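K.L.:
The sequence shown begins at 63 in our numbering and counts up one residue at a time.
My questions all concern the structure below.
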Amino acid sequence: MENKDGCVTERVTKKISTDTPSSQLVDAYLGEIAKGYGINWTPALPSHDDDDNGGKDGSVKEPASASALDSPLLDAAKISAEARSNGARTPKLPEVPPTDDPDTRNKGISNDVEVEAAPPEDDFDALARRFAALKKR
Numbered sequence: 063m064e065n066k067d068g069c070v071t072e073r074v075t076k077k078i079s080t081d082t083p084s085s086q087l088v089d090a091y092l093g094e095i096a097k098g099y100g101i102n103w104t105p106a107l108p109s110h111d112d113d114d115n116g117g118k119d120g121s122v123k124e125p126a127s128a129s130a131l132d133s134p135l136l137d138a139a140k141i142s143a144e145a146r147s148n149g150a151r152t153p154k155l156p157e158v159p160p161t162d163d164p165d166t167r168n169k170g171i172s173n174d175v176e177v178e179a180a181p182p183e184d185d186f187d188a189l190a191r192r193f194a195a196l197k198k199r
């Protein structure tokens with residue numbers, strides 16, 4: 063929505079702007095995250111083109127290279143080992159007691175036995191008891 067008539071002050075329009083952060087800020091943010099996890103990460107070299115990958119009509123300028131798609135993905139164990147070797151510490155999880163065998167957990171419960179519900183209590187009797195308890199106070 064545009065402020066065509068100028069009825070919204072400049073102070074308000076500055077606060078509600080939806081500009082994306084600069085690529086330098088994003089690279090610095092990602093670098094700090096990588097440093098926290100002990101991962102060697104360097105930002106991509108800045109290009110002289112515009113920052114987005116789209117053309118003027120919104121289409122993709124060039125397809126992703128096949129070598130980028132075929133690059134091996136790192137597994138979690140390798141990343142964790144690399145982070146530990148760089149001195150990064152991961153939080154220690156609490157010790158969980160061993161679980162019982164599923165057959166012994168439900169040993170006392172039989173599926174054949176039906177649990178009988180208590181007979182429904184008369185509303186008048188329940189109300190009379192509550193009223194009597196209030197009188198005793």
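The beta-carbon is built from N, C-alpha and C at its ideal position, and this holds for glycine as well.
Keep in mind that this is a model prediction, so the values were computed, not measured.
For residue 150, which residues in the same chain have their Cβ closer than 8 Å to its Cβ, ignoring the five residues on either side in sequence?
P.N.:
98, 99, 100
K.L.:
What runs of the alpha helix (DSSP H), each 4 residues or longer, lie entirely inside the region 65–112?
P.N.:
72–77, 85–99
K.L.:
Which residues mark the beginning and the end of the alpha helix (DSSP H) in which residue 197 is found?
P.N.:
185–198
K.L.:
I need the straight-line Cα distance from residue 77 to residue 91, nearest angstrom please.
P.N.:
Using only the alpha carbons, I get a separation of about 22 Å.
K.L.:
Taking DSSP as the reference, what is the three-state secondary structure of residue 140?
P.N.:
Of the three classes helix, strand and coil, the one that applies to residue 140 here is helix, per DSSP.
K.L.:
Hey, residue 105 and residue 89: beta-carbon distance below 9 Å or not?
P.N.:
yes
K.L.:
Would you report the Cα separation of residue 71 and residue 64, rounded to the nearest angstrom?
P.N.:
Straight-line spacing of the CA atoms in residue 71 and residue 64 works out to 12 Å.
K.L.:
Might you give, ordered along the chain, the residues of its own chain that have their beta carbon closer than 6 Å to the beta carbon of residue 265, omitting 5 neighbours on each side?
P.N.:
No answer is possible for residue 265: the residues shown for the chain start at 63 and end at 199.
K.L.:
Can you tell me whether residue 179 is helix, strand or coil according to DSSP?
P.N.:
coil
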